[in-house]
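**Q**
Number of protein chains: 2
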Amino acid sequence: MAVKKIVSSAKLFLMLRKNNKERVGVADRLHSAAIHLLRYARKEDVLSGEGPARLSALSVLVFGGPMTLGQLASAEQVKPPTMSRIVAGMERSGLAKIDPDAGDARRIRVSVTSKGTRLLQQARERRIRLLAEVLDQASGAEVEVLREAAEIVERAVRAAVQK
Amino acid sequence: MAVKKIVSSAKLFLMLRKNNKERVGVADRLHSAAIHLLRYARKEDVLSGEGPARLSALSVLVFGGPMTLGQLASAEQVKPPTMSRIVAGMERSGLAKIDPDAGDARRIRVSVTSKGTRLLQQARERRIRLLAEVLDQASGAEVEVLREAAEIVERAVRAAVQK
DNA sequence: AAATATACTTAGCATTGCTAACGAAATATA
DNA sequence: TATATTTCGTTAGCAATGCTAAGTATATTT
């Protein structure tokens, strides 16, 4: 089968030999599951009238508080020119506002507006409601497994990014 | 999931919290974890020289076999014009080839080339290797939780999409 | 045979990613 | 102090990827 052919390529074969068999297989499945989950969830985002990059940046601002453009770019793992345009778009839409930085005139301070907070809240509700409906397929025990898995992934990724 | 659409999103959110607090909370965490996981993994994809949409479509072709453009668009949850351009790009890059459908001259049959298979293998290796490194943060028991979680998510999303 | 439906393409728009090149401000160094 | 370097953000321009509207060609239905 095609799956077997793919996984047995040279470098992955080495990893299998290193006792990492379980981790590689899980990484593969996890990757696939995350893709399918988000692809399904993003259907709802269209309703907000804003693109995915703006919604994601808005989320960082709402939960992380005001920050400079560079910090926002770094948080979103995007280059400064890209974030510059995303912030400009959010400002045009009235979702964020820009203020000069107190101590450094090169920097700008980006913060979310009340409209931005409202819009993000609605978008989050829609996505999460949709995913919660998906989880109706799962038993209580399975939901508990998913809760633990989400925490494990968050912790591991946070450690990897920081490294 | 019988939910009246007349209810405002705020009230609906409260309803869900009341009736289904656990699932909504898990949906939220799962959503966030999936975003962070994929954002981290996509760093590696740049090395392939192809964009995410082409890599993803290529993956569908490799694992699902040759199919029409419409089937591919449906599998990727994208509209036909979008897939039309993605397929054209894959053909220009020599990753896929296009043949006329035997029984219906309106359709085109898209299949992966050996170059496409090779490129996908390499991209998969990079992503999965990176994620497997991330999983080094996790214990054996945690990896097992993740394996189960991936299966649960795949099953639930597949059911939801089909519905 | 004619009308309708389906499959795909083309054209045109917006968003989002990048690099290169620029300006302004802060910091380091001579 | 004066100059050089570094840092922060923007502008310009390219490519990819999402969409809708509209067109073409082929199948299907009436």
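For the record, the sequence lines run as chains A and B. Under our numbering, the first sequence has 54 at position 71, and the numbering climbs by one with no breaks. Under our numbering, the second sequence has 37 at position 54, and the numbering climbs by one with no breaks. Virtual Cβ for every residue (Gly too), placed ideally from N, Cα, C.
1. State the DSSP-derived secondary structure class of R92(B), mapped to helix, strand or coil.
2. How many angstroms separate the CA atom of T65(B) from the CA atom of A88(A)?
3. Could you spell out the range, first to last residue, of the beta strand (DSSP E) harbouring A79(B)?
4. Is D84(A) close to chain B, meaning its C-beta is less than 8 Å from at least one C-beta of that chain?
5. When you compare each of G34(B), A85(B) and Q104(B) to G72(B) by their alpha carbons, which one comes out closest?
6. Please decide whether V45(A) counts as near chain B, where near means a Cβ-Cβ distance under 8 Å.
7. Can you give me the C-alpha to C-alpha distance between G77(A) and V144(B), rounded to a whole angstrom?
8. Counting along the chain, where does the alpha helix (DSSP H) carrying G99(B) start and finish?
9. Looking at the C-beta of L114(B), does it have a partner C-beta in chain A at a distance below 8 Å?
10. For I81(B), count neighbouring C-beta atoms within 10 Å of its own C-beta (all shown protein chains included) and say buried if the count is 16 or more, exposed if not.
11. Run down chain A in chain order and give the residues with a C-beta less than 8 Å from the C-beta of S15(B).
12. Who are the near neighbours of S(-9)(A) in its chain, counting only those whose CB is closer than 6 Å to its CB and skipping five residues on each side?
13. Distance check for Y23(A) and R75(A), CA to CA, integer angstroms please.
14. For the alpha helix (DSSP H) containing G53(A), list its first residue and its last residue.
15. I'd like to check one pair, I135(B) with A121(A): are the Cβ atoms closer than 8 Å?
16. Starting from V61(A), trace the alpha helix (DSSP H) both ways and give me its first and last residue.
17. Any C-beta of chain B within less than 7 Å: which residues of the stretch 50 to 63 of chain A qualify?
18. To which residues of the same chain is V45(A) closer than 7 Å at the C-beta, ignoring the five residues directly before and after it?
19. For a contact meaning CB atoms closer than 9 Å, what does D11(B) contact in chain A?
20. List the whole-angstrom C-beta distance separating L41(B) from A132(A), where the pair is believed to meet the contact cut-off of C-beta under 8 Å.
21. If we define contact as Cβ-Cβ less than 8 Å, is E125(B) a contact residue for chain A?
22. By Cβ distance below 7 Å, which residues in the same chain neighbour L114(A) in space, the five residues on each side in sequence not counted?
23. Please name the residue, chosen from L13(B), L30(B), A10(B) and R12(B), that lies closest to R110(B) on a Cα-to-Cα basis.
**A** Inspection of the coordinates gives the following:
1. As a first step, residue 92(B) is located in the second sequence; it is residue number 109 there, counting from the start. Strand, per DSSP.
2. Translated into the one-based positions of the second sequence, residue 65(B) becomes position 82. Translated into the one-based positions of the first sequence, residue 88(A) becomes position 105. The straight-line gap from Cα to Cα measures roughly 43 Å.
3. Locating residue 79(B) in the second sequence gives position 96, where the first residue counts as 1. A79 to P83 is the span of the beta strand (DSSP E), which, as asked, contains A79(B).
4. One-based indexing of the first sequence puts residue 84(A) at position 101. With 8 Å as the cut-off, D84(A) does not count as an interface residue toward chain B.
5. For the purposes of this step, residue 72(B) is taken as residue 89 along the second sequence, with counting starting at 1. Answer by Cα proximity: G34(B).
6. As a position in the first sequence, residue 45(A) is number 62, starting the count at 1. With 8 Å as the cut-off, V45(A) does not count as an interface residue toward chain B.
7. For the purposes of this step, residue 77(A) is taken as residue 94 along the first sequence, with counting starting at 1. For the purposes of this step, residue 144(B) is taken as residue 161 along the second sequence, with counting starting at 1. Each residue's Cα considered, the two are about 34 Å apart.
8. In the second sequence, residue 99(B) corresponds to position 116, counting from 1. From DSSP, the alpha helix (DSSP H) with G99(B) extends over S97 to V117.
9. Numbered from 1 along the second sequence, position 131 holds the residue referred to as residue 114(B). Yes - at least one Cβ of chain A is within 8 Å of the one on L114(B).
10. Here the question's residue 81(B) lines up with position 98 in the second sequence. The residue is exposed, with fewer than 16 neighbouring Cβ atoms inside 10 Å.
11. Here residue 15(B) is taken as the residue at index 32 of the second sequence, counted from 1. Those are A133 and E137, listed as they occur along chain A.
12. Residue -9(A) sits at position 8 when you count from the first residue of the first sequence. Low per-residue confidence applies at S(-9)(A): pLDDT is 44, beneath 50, and the placement is therefore not dependable, though the value from the model is reported in the following sentence. Around S(-9)(A): no qualifying Cβ.
13. The sequence position of residue 75(A) within the first sequence is 92, counting from 1. The sequence position of residue 23(A) within the first sequence is 40, counting from 1. Taking the straight line from one Cα to the other gives about 29 Å.
14. Taking the first residue of the first sequence as position 1, residue 53(A) is located at position 70. Looking at the DSSP string, the run of the alpha helix (DSSP H) that includes G53(A) is L52 to A58.
15. Taking the first sequence and counting its residues from 1, the one referred to as residue 121(A) is at position 138. Taking the second sequence and counting its residues from 1, the one referred to as residue 135(B) is at position 152. Against a cut-off of 8 Å, the Cβ pair of I135(B) and A121(A) comes out as a contact.
16. As a working note, residue 61(A) is residue 78 in the first sequence. Counting along the chain, V61(A) falls outside any alpha helix (DSSP H), and DSSP gives it neither H nor E.
17. Q60
18. To locate residue 45(A), count along the first sequence from 1; it is residue 62. Correct list, in chain order: V95, T100 and L103.
19. The residue labelled residue 11(B) in the question sits at position 28 within the second sequence. R107, R110, I111, L114, A115 and A133, listed in chain order.
20. For the purposes of this step, residue 41(B) is taken as residue 58 along the second sequence, with counting starting at 1. For the purposes of this step, residue 132(A) is taken as residue 149 along the first sequence, with counting starting at 1. Rounded, the Cβ-Cβ distance is 27 Å, inconsistent with contact.
21. The residue labelled residue 125(B) in the question sits at position 142 within the second sequence. Judged by the 8 Å Cβ criterion, E125(B) is in contact with chain A.
22. Within the first sequence, residue 114(A) is the residue found at index 131, counting from 1. Correct list, in chain order: A24.
23. Residue 110(B) sits at position 127 when you count from the first residue of the second sequence. Per the Cα distances, L30(B).
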